[in-house]
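Following: one structure in structure tokens, then a few remarks.
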Amino acid sequence: MQISARGILSKAEPGTDHAAMTFPTITCLANGDMLACWRQGAAKECADERIGFARSTDNGRSWGVPAFPFDDLTIGGHAGSLNICYLTPMPNDEPGGRRHVGRSRRFS
3 MQISARGILS KAEPGTDHAA MTFPTITCLA NGDMLACWRQ GAAKECADER
53 IGFARSTDNG RSWGVPAFPF DDLTIGGHAG SLNICYLTPM PNDEPGGRRH
103 VGRSRRFS
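Counting from 3, one number per residue, gives the positions in the sequence shown under my numbering.
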């Protein structure tokens with residue numbers, strides 16, 4: 003393996019809702035795009051932690067605006083939390099080209 007370039011996808015900033023950023027992952031998609039995922043919050047293991055995603059269409063030179071698709075984790079009136087998300091590319095062999103992302107949830 004050779005590291006050919008370095009950069010910053012997102013930077014933690016003290017005193018913000020992204021002061022702690024942990025568990026980064028990046029995976030390459032079948033179309034050549036890169037998808038990054040991380041956990042962020044005001045502190046590690048805090049109530050406002052959430053999972054962020056960003057996409058690069060130019061091999062990681064630039065990244066799109068982060069998305070936070072799991073902000074509402076209430077199911078049946080019970081609050082939950084999503085602590086980590088691992089990205090895994092999967093074959094595009096389902097009707098309609100659907101892909102699934104595994105995730106775990108912890109509910110209180």
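Idealized CB from N, CA, C, for every residue including glycine.
Counting only residues of its own chain and dropping the five nearest sequence neighbours on each side, residue 21 has a CB closer than 7 Å to the CB of 14, 15, 44 and 45. Rounded to the nearest whole angstrom, the C-alpha separation of residue 26 and residue 7 is 17 Å. Assignment of beta-bridge partners to residue 42 by DSSP yields 23 and 52. Residue 53 counts as buried, since at least 16 other C-beta atoms from the protein chains shown sit within 10 angstroms of its C-beta. A Cβ-Cβ distance of about 6 Å is found for the pair residue 83 and residue 75, placing them in contact under the 8 Å criterion. With a contact defined as Cβ atoms closer than 8 Å, residue 19 and residue 50 qualify at about 6 Å. Under a 10 Å Cβ-count criterion, residue 48 is classified as exposed, with fewer than 16 other Cβ atoms of the shown protein chains found around its own Cβ. Of the candidates 90, 39 and 86, 39 places its Cα closest to the Cα of residue 68. Here residue 30 is bridged, per DSSP, to 36.
Contact annotation: residue 23 and residue 42 have beta-carbon atoms nearer than 8 Å.
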